[in-house]
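Residue numbers (my numbering): 842 to 1487. Even for Gly, the Cβ is constructed at its ideal location relative to N, Cα and C. As structure tokens, the structure follows; a few thoughts come after it.
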């Protein structure tokens, strides 16, 4: 079954899309684990933090030294694989990273130091992709001879030489509710005259500092010996879990102005930029059409490469250098588009966004909330994401929708358009025609929403003469048919001037035996995505965490044409169900030998587009999805019944 593909491109690999999760400090890299006789069945979880310490010492210029200490108990083979290598990313020009010590303690008490030659430095992925920008590095600690029952220890010291922005320091520690912490402590020390705005939740300690010898000091402790069980639905842990936030910036506007200091000059219009803008818009007088043409040029001609040089993760390269190289990261896409638009007298602004990060902002302005940059054009009230080569002018990937954003040109907060039925409504029509021998032919015709169109373009761009037949076979098999399918594209995936869609014709042999009476549920639609399986995502009886929920609309219409030798005995009755989570209705009708069934599922953002759904809202969604499952169980009864007494 074809599935839309979504993609979020990072603002900087030195910044997480969210907080620094204590249990995410070690990037998981699968590795071969040594033989072990330990039993995973006895473990309540894979690993636990026996001890975690994070100490921040902030200087007057907002530079800082961060020391982290980990003691981790490995309980299963999965944990051995996860922690056999610990990968630590850093900027070679902006900070230093020292591994103070690293060793393991076996279950029988043997201490084994990690040799110096097992702590090594690699290029980061982004630097390896563009070697001339080899600023990002990864320090790798390889722990030897791990087995369930082993404890691993390591201490890391980061010294930030230059703040990301002038006067900016940010601390964001989140404790994952799904992880066991036996003993965790976070300390912060800063000059008493340095502004520091602090907020904490779910931890022991005060947000008011103790001031001693000109230094303001904070201390928080946390413990969770029984981690929460895995949940079907969950928002990002920082949205609801225990966390600590601190920033030297008072508000988001201050951060926007700091970003704009370097982003503004980078978008300077050079003679080459002006010439390109004139060339791309030649013969186009309408200003919106000019903006469309320039957007498409950037989306399809500037290759995405994350090039972090010095503070490059936060500062865009100049528009001219981006044009010269024909590649750049998300900020660079924004910069060159801003310059090209400016060359035609169209004002735009960089926009910082947490792509895929949910509808809320922390109380404290922290750079880690943003992981992406897009463009806002006030003249047309449009957001543009030119890092997506598959979005038409005015379309946004679903991860960009309904998100709080920061316009840096005027340092104001705003919100991208909601991910609601206006952008995500999907309609699908499917026809099944059966012959007297039980063979069928049919067609699936989706009407793609903006969200789905972007994903389908990306998928179908990979289709070619070599793999088309295999793709069609896979789609048919996924729908449970023994037959053939033919994908028919409506438009060209890379042509962003026109809508894109597809349909799928199909044939299958011996699908049903009409010689005997029987019942038929509506078959799965080849090449289409149905809501019939939604209940599987709500299989748990309850859900203990908040979760994301946005308004959406899905409609599916099926037409089943039966042959004359299979008289229709009965069809199900129509049904309707509604609750706080939304509304589902299924309408059945019959005209001669044709049966039509229409499913319509509307889901609600229960607490509004700018809020999370809460655990108590889960029951309503589960009930709604259960009715959808029941609705798709309905069967058409067909065939000749034996005469009474025969």
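With residue i and residue j assumed to form a contact (beta carbons below 8 Å), what rounded beta-carbon distance in angstroms separates them?
i            : j            : result
residue 1393 : residue 1444 : 5 Å
residue 1199 : residue 1077 : 6 Å
residue 1495 : residue 1094 : There is no way to answer for residue 1495, as the model of the chain reaches only from 842 to 1487.
residue 1137 : residue 1234 : 7 Å
residue 1132 : residue 1182 : 6 Å
residue 1365 : residue 1349 : Not quite, the Cβ-Cβ distance comes to about 11 Å (not below 8 Å), so this is no contact.
residue 1458 : residue 1421 : 7 Å
residue 1113 : residue 1035 : Not a contact, Cβ separation roughly 44 Å.
residue 1033 : residue 1052 : 5 Å
residue 1180 : residue 1108 : 5 Å
According to the neighbour-count rule (16 or more other Cβ atoms, all chains shown, within 10 Å of its Cβ), is residue i buried or exposed?
i            : result
residue 1405 : exposed
residue 1184 : buried
residue 1440 : buried
residue 1239 : buried
residue 1367 : buried
residue 1047 : exposed
residue 1286 : buried
residue 1102 : exposed
residue 893  : buried
residue 916  : buried
residue 864  : Any reading at residue 864 must be qualified, since the residue scores a pLDDT of 47, below 50, and its modelled position is unreliable; the value itself is stated next. Residue 864 is buried by the Cβ-count criterion.
residue 1097 : buried
residue 1004 : buried
residue 1387 : buried
residue 846  : A caution first: residue 846 carries a pLDDT of 30, below 50, which makes its placement in the model unreliable, though a value can still be read off. Residue 846 comes out exposed.
residue 1015 : buried
residue 1039 : buried
residue 1157 : buried
residue 1134 : buried
residue 929  : buried
Going by alpha carbons, who is nearest to residue i out of the options?
i            : options                : result
residue 1283 : 1300, 1293, 1325       : 1325
residue 956  : 1047, 1175, 944, 1261  : 944
residue 1474 : 1415, 917, 1431        : 1415
residue 896  : 1471, 1073, 1062       : 1062
residue 1146 : 1259, 1169, 1461, 1202 : 1169
residue 1197 : 1099, 1205, 1186, 1210 : 1210
residue 1223 : 1236, 1245, 1348, 1448 : 1236
residue 1084 : 1035, 1113, 948, 1028  : 1028
residue 1166 : 1113, 1296, 1318, 1143 : 1143
residue 1106 : 1249, 1385, 1423       : 1249
residue 908  : 953, 999, 991, 902     : 999
residue 1045 : 1051, 1052, 1025, 1055 : 1025
residue 1129 : 1288, 1187, 1160       : 1187
residue 884  : 1067, 1086, 1351       : 1067
residue 1160 : 1246, 1104, 920        : 1104
residue 977  : 1115, 1155, 1123       : 1155
Apart from the five residues on each side of it in sequence, which residues of its chain come closer than 8 Å, Cβ to Cβ, to residue i?
i            : result
residue 1476 : 1360, 1361, 1362, 1413
residue 1479 : 1355, 1358, 1359, 1360, 1361, 1403, 1407, 1408, 1409, 1410
residue 1302 : 1231, 1334, 1335
Whose C-beta lies closer than 6 Å to the C-beta of residue i among residues of the same chain, with five residues either side of it excluded?
i            : result
residue 1140 : 1227, 1230
residue 1216 : 1175, 1178, 1189, 1225
residue 877  : The pLDDT assigned to residue 877 is 38, lower than 50, so where the model puts this residue is not dependable; a value taken from the coordinates is nonetheless given after this. 988, 989, listed in sequence order.
residue 1490 : The displayed coordinates of the chain run from 842 to 1487. Any statement about residue 1490 would go beyond what the structure contains.
residue 1031 : 899, 1037, 1057
residue 1450 : 1243, 1259
residue 1395 : 1267, 1372, 1442
residue 1337 : 1137, 1233
residue 1271 : 1285, 1366, 1399
residue 1088 : 1011, 1038, 1205, 1206, 1207
residue 1353 : 1279
Could you tell me whether the Cβ of residue i comes closer than 8 Å to any Cβ of chain C?
i            : result
residue 1370 : No chain C appears in this structure, which consists of one protein chain only.
Return the chain-ordered list of same chain residues with a C-beta closer than 7 Å to the C-beta of residue i, the five sequence neighbours on each side being excluded.
i            : result
residue 1007 : 1099
residue 1376 : 1466, 1467, 1469, 1470
residue 1264 : 1242, 1258, 1290, 1291, 1292
residue 1075 : 1386, 1388
residue 1472 : 1416, 1425, 1427, 1440
At a threshold of 7 Å, does residue i count as lining the ligand MG (C-beta to nearest heavy atom)?
i            : result
residue 1168 : By its list of ligands, the structure shown contains no ligand whatsoever, and the ligand MG lies outside what it can speak to.
- Segments of 4+ residues assigned as alpha helix (DSSP H) that fall wholly inside the segment 913–992: DSSP runs (the alpha helix (DSSP H)) wholly in the segment 913–992: 918–924, 966–970.
- Task: Ignoring anything shorter than 3 residues or poking outside the segment 1336–1397, list the beta strand (DSSP E) runs there in chain order.
- Result: 1342–1349, 1359–1362
- Task: For the segment 1410–1460, list the beta strand (DSSP E) runs that are entirely contained and at least 3 residues long, ordered along the chain.
- Result: 1416–1420, 1423–1432, 1435–1444
- Task: For the segment 1198–1226, list the beta strand (DSSP E) runs that are entirely contained and at least 3 residues long, ordered along the chain.
- Result: Correct list: 1213–1218, 1223–1225.
- Which parts of the segment 1076–1101 are runs of the beta strand (DSSP E), unbroken and 3 residues or longer, counting only runs that do not cross its ends? 1084–1088
- Query: What residue ranges within the segment 1095–1175 form continuous beta strand (DSSP E) runs of no fewer than 3 residues, ordered along the chain?
  - Reply: You should have found no qualifying run.
- Query: Hey, which unbroken runs of the beta strand (DSSP E) at 3 residues or more fall wholly within the segment 1005–1038?
  - Reply: 1011–1015, 1021–1032
- Fully enclosed by the segment 1261–1340, which alpha helix (DSSP H) runs are 4 residues long or longer? 1262–1265, 1291–1301, 1309–1319
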